[in-house]
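Notes follow the structure.
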Amino acid sequence: MRILLEKFSKSFGSTKVIEDMDLDVGSGEMLALLGPSGCGKSTTLFSICGIHRPTSGRILFGNKDVTDLPSQERNVGVVFQSYALYPHMTAAENIGFPLTVRRVATAEIRKRVAEIAALVHIDNLLDRRPSQLSGGQQQRVALARALIRRPDVLLLDEPLANLDAKLRLEMRSEIRRLQKETGITAILVTHDQVEAMSMCDRIAIMKAGEIVQIATPSEMYNDPRTAFVAGFLGNPPISFLKGTAEQGEFVLGDGSIRLPLAALSGMPDGTPLMLGVRPEHFGNGGDVPVTGRISFAETQGRENLYDVMFADGSVLRSIQPVRGDLKPGDDVRWNLDSKAAFVFAEDGRRL
Amino acid sequence: MRTSRTLGLVMIAPAAIMILLFYLMPVILTGVFSMTNMSTATGISGGAFQVTQGAVNRLRTEMPEIADAISEPRFVIDEAGIAAVEAAGLASAIAAELRTEHLGEVHASRREAERMIKALKERPSTRQTKQISDFFNRSVINTRFESREALMEGLKKLGVTLTPEQQEAMARATYTGWVWTTDNFRVIGNSPDMAQVFVNTAFYVAVTLLLFNVGYALFLAVTTHYMPATTASIFRAIWLLPRITPVVIYVLMWKWLTWDSGFISMFMGQFGHPPKNYLLDSAYNAWFFVILINGFIGASMGMLVFSSAIKAIPEAQFHASEVDGASRWQQIRYIILPQLRWPILFVTCYQTLSLLASFNEILLSTRGGPGRATEVWSLAAYHTALQNYTGNLEYGLGAAMALVLVVIGVILSLIYLRVFRYDTLISKPLIED
Ligand SMILES: Nc1ncnc2c1ncn2[C@@H]1O[C@H](COP(=O)(O)OP(=O)(O)OP(=O)(O)O)[C@@H](O)[C@H]1O
Ligand SMILES: [Mg+2]
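Read top to bottom, the protein sequences are chains A and B.
Going by the numbering used here, the first sequence opens with residue 172, and the numbers climb by one from there.
Going by the numbering used here, the second sequence opens with residue 645, and the numbers climb by one from there.
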């Protein structure tokens, strides 16, 4: 089912949290709402499921306007950040709760709980209470509870935040598998860019209540609209150099680095600029040699991470296959891939 | 090591003494008193022996002749009496004539004895006759003997000799002090009055508890939970008023409301009903107001406990249940109430005990009336032991009634713990199995 937000705004008293947001999530699509803490992700999600009423604007499920519909009538499944399991009920009772309140027959509830529990691999834990389950198991109970009544829309509010790294990896693919199997439209709220990129069809990046860019993960990675987006995606993150335009070239603050860039043709001299270079585009081939000193080195197992500092104090990050010949303090002369670098105006707009 | 242990004991000693004095002693003393027949009549220190009319009546079934014998006044002309006459400075001829002519005579009444004295040669005046007859008065009826030996001595002088068994029965019947007995509990068990008071109490506690202290308190807590914050706090504050108003004033306001010239009478007067005291008019009305008065005071505590317990439920659970499709009513039934089990248990327990034990509102409003219609157990115990119209305060019986109350309270608490499955509330969840 398609979800459509039209000029959606939400404020709490005098605090405006979201203003005039437009969002279109296709049927069967999984969309990530990605953004820093406090940018309004949960607020958006809570408005979609009806816990919050929009201050203005419309919310549509398919062709149906649900703006004024109470949550009970929206048929959305929600996995809350804290799971919000009912502590006095067993896992089975928790999962069956949406059916219990719809007065579905007990036998039918038992059957469907068993089915959905098998789907999320918790069939052997159904008699336990939430306090007797691990975080990952609780999360799967919450997921099963959200899915059992076959909702039109699945909303997940940072469902993996409380899990350890390995479990998080497992649950990522598991949620994606379930979403694909059920063909449900889903919105995943997260501030973890890896989660967003690996699980979702599209990502909407939010900042201070606004969607900055909405695109597929690879589009967004390779073609960020702003410096904020470029900085948000990628691990290790992109690094920025401050400089100015001069005769179609990017010139680093002290003039020690000059890069000819196609995007800068016709730019008035002296325009302040920002250059974004991803770690994989520095030190691995490329066309413009630059000289600096290694200020930091770290191995990540398969790869090594180096920070290279230039004469004016600015830093570029480089990620390279493991090599043992470099240590902090060494001078290096590495190439930078000028075609892969992003140029941003001073206000963060991509040029 | 040793010194530190001694030091510990020394340090808790004051607390231990306080506990002993103020917590355990009252209960122990109640237990002790309940096993006696102490009353105003017996006093609480030791007693004496007195052949009262009551004692004679008690003895009459066992030994009718002796009972008759001791109940009559007796005037015995003996050496002791004659010596007293001599010492009194009357004409010595009187004493001499009594010794020679009348020694050993027993007169069954004062009149008979005085006729004999009047007939003496010396012709004593009426006043002297009275004085002389007193010296020979050997009656035991209404005479107080300080010890058992003195009683037996007195009886012997009267010419009554008793077998050891009879002496025993006599002593028991005439003892005026308190004795150890289990009669109090027999009285409680057998008296129809007590049964009525018991039924009153059960009715009063059950109805007030269910309707107000738990029921209405839950209703208030749940409804205020769904109200905007400020409205909710105003509402709660209003319901606290009866609790924080001094009880005497609060009950007085109810009396103003209900008495002959009060608001209800005035209001009903508009419809042609003659004014009357609505509080004490009938047993139904009395109960109605007693329960309202106590209920409005008692509901506030449950309301506060339940409100804070509901507040402690994470908000996310309400959000989750809403998107799960639960209506308000289902939210209350499936999310709120199950998580209020412990507070409900606590309030039920606490309020049962306090309703059982407290009677000040009833005392101030109906005094247990009309008749004894609203007399509850604790009020009856108070009336029995501390304040009644006959003036004979039966401490022993009152203590026994209080003890019964304690036992009932303990039994009820144990039942509540079972019903609410306290064990599952306190047992820790197992994470491994
Ligand atoms: N009930 C409320 N009253 C007032 N302000 C609120 C309320 N709920 C949220 N806000 C504000 O709205 C903004 C967005 O909050 P929201 O919970 O949507 O953030 P979020 O993006 O989910 O952040 P996080 O990643 O930390 O969960 C925050 O600045 C927050 O302070
Ligand atoms: Mg959030």
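We put the CB at the ideal spot given by N, CA and C, even for glycine.
Backbone CA spacing between residue i and residue j [nearest angstrom]
i, j, result
"I663(B)", "Q995(B)", "24 Å"
"P768(B)", "T820(B)", "39 Å"
"M947(B)", "L854(B)", "13 Å"
"N639(B)", "E264(A)", "Residue 639(B) falls outside the range modelled here, since chain B spans only 645 to 1077, and no answer is possible."
"K801(B)", "T1034(B)", "37 Å"
"A757(B)", "V1020(B)", "56 Å"
"C371(A)", "T874(B)", "43 Å"
"V891(B)", "L1049(B)", "23 Å"
"M838(B)", "I832(B)", "6 Å"
"H223(A)", "V247(A)", "14 Å"
"K178(A)", "N938(B)", "56 Å"
"H746(B)", "N828(B)", "51 Å"
"M679(B)", "A1044(B)", "7 Å"
"L175(A)", "I230(A)", "6 Å"
"F515(A)", "R373(A)", "23 Å"
"Q143(A)", "M391(A)", "The structure shown does not extend to residue 143(A), since chain A spans only 172 to 522, so no value can be given for it."
"E469(A)", "P301(A)", "41 Å"
"R343(A)", "P499(A)", "37 Å"
"T684(B)", "L1030(B)", "10 Å"
"A511(A)", "S466(A)", "24 Å"
"P670(B)", "T1018(B)", "27 Å"
"N681(B)", "G691(B)", "12 Å"
"I738(B)", "E793(B)", "32 Å"
"D1077(B)", "D501(A)", "Per-residue confidence for D1077(B) stands at a pLDDT of 45, beneath the threshold of 50, marking its modelled position as unreliable; no derived number is given."
"A817(B)", "E709(B)", "15 Å"
"V489(A)", "A375(A)", "Note on identity: in this sequence residue 489(A) is Ser, with Val being the wrong assignment. Whole-angstrom Cα-Cα distance: 27 Å."
"R464(A)", "M438(A)", "31 Å"
"S736(B)", "V804(B)", "31 Å"
"E329(A)", "R449(A)", "27 Å"
Under the three-state DSSP convention, the category residue i falls into
i, result
"N506(A)", "strand"
"E745(B)", "helix"
"A276(A)", "coil"
"T462(A)", "strand"
"G725(B)", "helix"
"I428(A)", "coil"
"D335(A)", "coil"
"R520(A)", "strand"
"Q308(A)", "helix"
"N234(A)", "coil"
"H751(B)", "strand"
"E1076(B)", "Because E1076(B) carries a pLDDT of 46, less than 50, the predicted location of this residue cannot be relied on, and the following value inherits that uncertainty. Coil."
"P392(A)", "First, the amino acid is wrong: residue 392(A) is Tyr here, not Pro. In this structure, Y392(A) counts as helix in the three-state DSSP scheme."
"Y1033(B)", "coil"
"K413(A)", "strand"
"T770(B)", "helix"
"V493(A)", "coil"
"I355(A)", "coil"
"D193(A)", "strand"
"M172(A)", "coil"
"N844(B)", "helix"
"F251(A)", "coil"
"W824(B)", "strand"
"G798(B)", "helix"
"A375(A)", "strand"
Anticipated Cβ contact below 8 Å, residue i with residue j, distance rounded
i, j, result
"T356(A)", "V324(A)", "5 Å"
"V250(A)", "A203(A)", "Rounded, the Cβ-Cβ distance is 14 Å, inconsistent with contact."
"T1010(B)", "L885(B)", "Going by Cβ atoms, the distance from T1010(B) to L885(B) rounds to 22 Å, so no, they are not a contact pair."
"F693(B)", "L795(B)", "4 Å"
"F940(B)", "A865(B)", "Not really, about 15 Å apart at Cβ, beyond 8 Å."
"P982(B)", "A953(B)", "Incorrect: roughly 11 Å between the Cβ atoms, too far for contact."
"L327(A)", "L359(A)", "5 Å"
Residue-chain proximity (residue i, chain D), Cβ-Cβ < 8 Å
i, result
"A964(B)", "You won't find chain D in this structure, because its protein chains are A and B."
heavy atom of ligand 4 below 7 Å from residue i C-beta
i, result
"S208(A)", "By its list of ligands, the structure shown excludes ligand 4, since it contains just ligand 1 and ligand 2."
Runs of beta strand (DSSP E) wholly within the stretch 869-949 of chain B (minimum 3 residues, chain order): Listed in chain order, nothing qualifies, since the stretch 869-949 of chain B has no complete beta strand (DSSP E) run of 3 or more residues.
Shell residues, 7 Å Cβ cut-off relative to heavy atoms of ligand 2: Chain-ordered, the residues whose CB falls short of 7 Å from any heavy atom of ligand 2 come out as K212(A), S213(A), Q252(A), D328(A), E329(A), V360(A).
Alpha helix (DSSP H) segments (min. 4 residues) lying fully within the stretch 995-1059 of chain B: Whole alpha helix (DSSP H) segments, 4+ residues: 1004-1009, 1021-1029.
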